[in-house]
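Visitor:
So this is what it looks like as structure tokens:
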């Protein structure tokens, strides 16, 4: 049961500047009165009645809070407090100010595989902890992989946005058709029972993109992308993977498997020879291989443009509804930290896309 404090948040925290706004509320920088520590306050409007369209359903907020209250791990954004009033819930979250991992990498001139692996290890450690607690994220993508502090020589990864996450009960059969087409697992599109293995598919996609700057299943439309995912239709283009080690390709192949039961787990990923080399030859191969930075920079620039475009579309919708909107062409990393797919980000219900697929085939 999620613990919501009925006290006034301002009795404990000083409310500072707005970091960003969404459809259902805003994110503000807050300062704890006792320790003077800064946090991110996520102020969410809650529906007053079941029939109301304004605000979030309290049940969905409870679910996210319950999950975050379980997940105490260095590579997962921390939830400190939750306050509740009659019309609003305030989540006090760790302030993650380093921006997105992909943006950090795109600023580099070159990056060896062994350097990229250090980031992947942290992501996998976070997932290993989640999956051991029977929690799946279900929306892993570059936007939800952040750095705690960009200034550090060894930045710490933080997984964020648990709006689509699910805590499995023993024997439960859970289905969900929400997610982002590029990263969604085939069993989600097919509306089959899900498991934590869906996250591992997403790790395969993210690794593929990280190494090559290409998205393995990206089509001209969402429908085409989903068809490619269902068909597991991808290849290692020599032009983009010329600098990639065979071990890295093997790592991806063992994740992008249609049958979820055959995919590597997070624990198995961490002992794969690419992540944890056994022989000197494996170490040397990895150290000689690098990321296709030219292609990766192009992919990231296009991704950021699409995010900005989606932000403009959302703001236009809010303006038409006469709701407040704070936006910029380049969303603040602190704002990104606290956005949720319950707040109409680019994740789309795969069920709607699947219906379009079936009608056009």
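Residue numbers (full-length UniProt numbering): 1 to 361. For every residue, glycine included, the Cβ atom is placed at its ideal position computed from N, Cα and C. Since the model is a prediction, treat every value here as computed from it, not as a measurement.
What is the DSSP secondary structure of residue 109, reduced to helix, strand or coil?
Guide: Translated into positions along the chain shown, residue 109 becomes position 109. Annotated three-state conformation of residue 109 is coil, per DSSP.
Visitor: Would the beta-carbon of residue 205 fall within 9 Å of that of residue 146?
Guide: To locate residue 205, count along the chain shown from 1; it is residue 205. To locate residue 146, count along the chain shown from 1; it is residue 146. At least 9 Å separates the beta-carbon of residue 205 from that of residue 146.
Visitor: Going straight from the alpha carbon of residue 257 to that of residue 216, what length do you get?
Guide: Numbered from 1 along the chain shown, position 257 holds the residue referred to as residue 257. Numbered from 1 along the chain shown, position 216 holds the residue referred to as residue 216. Rounded to whole angstroms, residue 257 to residue 216 spans 13 Å at the Cα level.
Visitor: Hey, could you find the ends of the beta strand (DSSP E) residue 251 is sitting in?
Guide: As a working note, residue 251 is residue 251 in the chain shown. Run containing residue 251: none in the beta strand (DSSP E); it sits in the alpha helix (DSSP H), 246 to 253.
Visitor: For residue 174, which residues from the same chain have a beta carbon less than 7 Å from its beta carbon, with the 5 sequence-adjacent residues on both sides left out?
Guide: As a working note, residue 174 is residue 174 in the chain shown. Counting only Cβ-Cβ distances below 7 Å, and skipping sequence neighbours, we find 166, 168, 193, 194.
Visitor: How should residue 291 be labelled, buried or exposed, when 16 other C-beta atoms within 10 angstroms of its C-beta is the threshold for buried?
Guide: Within the chain shown, residue 291 is the residue found at index 291, counting from 1. That one is buried.
Visitor: Are the beta-carbon atoms of residue 159 and residue 178 separated by less than 9 Å?
Guide: Residue 159 sits at position 159 when you count from the first residue of the chain shown. Residue 178 sits at position 178 when you count from the first residue of the chain shown. Not a contact, by the Cβ cut-off of 9 Å.
Visitor: With a 10 Å radius around its C-beta and 16 neighbouring C-beta atoms as the bar for buried, classify residue 154 as buried or exposed.
Guide: Sequence index remark: in the chain shown, residue 154 carries index 154 (1-based). With fewer than 16 other Cβ atoms inside 10 Å of its own Cβ, residue 154 counts as exposed.
Visitor: From this set, 274, 46, 259, which residue's C-alpha is nearest residue 232's C-alpha?
Guide: The sequence position of residue 232 within the chain shown is 232, counting from 1. Comparing Cα positions, the closest option is 259.
Visitor: Return the CA-CA distance between residue 118 and residue 88, expressed in angstroms with no decimal places.
Guide: Here residue 118 is taken as the residue at index 118 of the chain shown, counted from 1. Here residue 88 is taken as the residue at index 88 of the chain shown, counted from 1. Distance between the alpha carbons of residue 118 and residue 88 is about 39 Å.
Visitor: Using only alpha-carbon positions, find the residue among 187, 213, 77, 115 that is nearest to residue 263.
Guide: Sequence index remark: in the chain shown, residue 263 carries index 263 (1-based). Ranking the options by Cα distance to residue 263, first place goes to 187.
Visitor: At which residue ranges does the region 72 to 135 contain complete beta strand (DSSP E) runs of 3 or more residues, listed in the order of the chain?
Guide: DSSP runs (the beta strand (DSSP E)) wholly in the region 72 to 135: 79 to 84, 88 to 93.
Visitor: Just to confirm the assignment, what range does the alpha helix (DSSP H) spanning residue 58 have?
Guide: Translated into the one-based positions of the chain shown, residue 58 becomes position 58. Run containing residue 58: 58 to 70, per the alpha helix (DSSP H) assignment.
Visitor: Around the Cβ of residue 48, are there at least 16 other Cβ atoms within 10 angstroms (buried) or fewer (exposed)?
Guide: Indexing the chain shown from 1 puts residue 48 at position 48. So residue 48 counts as exposed.
Visitor: Is it the case that the Cβ atoms of residue 92 and residue 13 are separated by a distance below 9 Å?
Guide: Residue 92 sits at position 92 when you count from the first residue of the chain shown. Residue 13 sits at position 13 when you count from the first residue of the chain shown. Against a cut-off of 9 Å, the Cβ pair of residue 13 and residue 92 comes out as a contact.
Visitor: In whole angstroms, give me the CA-to-CA distance for residue 90 and residue 79.
Guide: Residue 90 sits at position 90 when you count from the first residue of the chain shown. Residue 79 sits at position 79 when you count from the first residue of the chain shown. Roughly 11 Å between the two C-alpha positions.
Visitor: Reducing DSSP to helix, strand and coil, say where residue 224 ends up.
Guide: Sequence index remark: in the chain shown, residue 224 carries index 224 (1-based). Helix, per DSSP.
Visitor: Under a three-way DSSP split, which group does residue 340 fall into?
Guide: Position 340 of the chain shown, counted from the start, is the residue given in the question as residue 340. Unreliable positioning characterises residue 340 in this predicted model, as indicated by a pLDDT of 45, which lies under 50. The coordinate reading is nonetheless provided below. In the three-state reduction of the DSSP assignment, residue 340 falls in the coil class, being assigned neither a helical nor a strand state.
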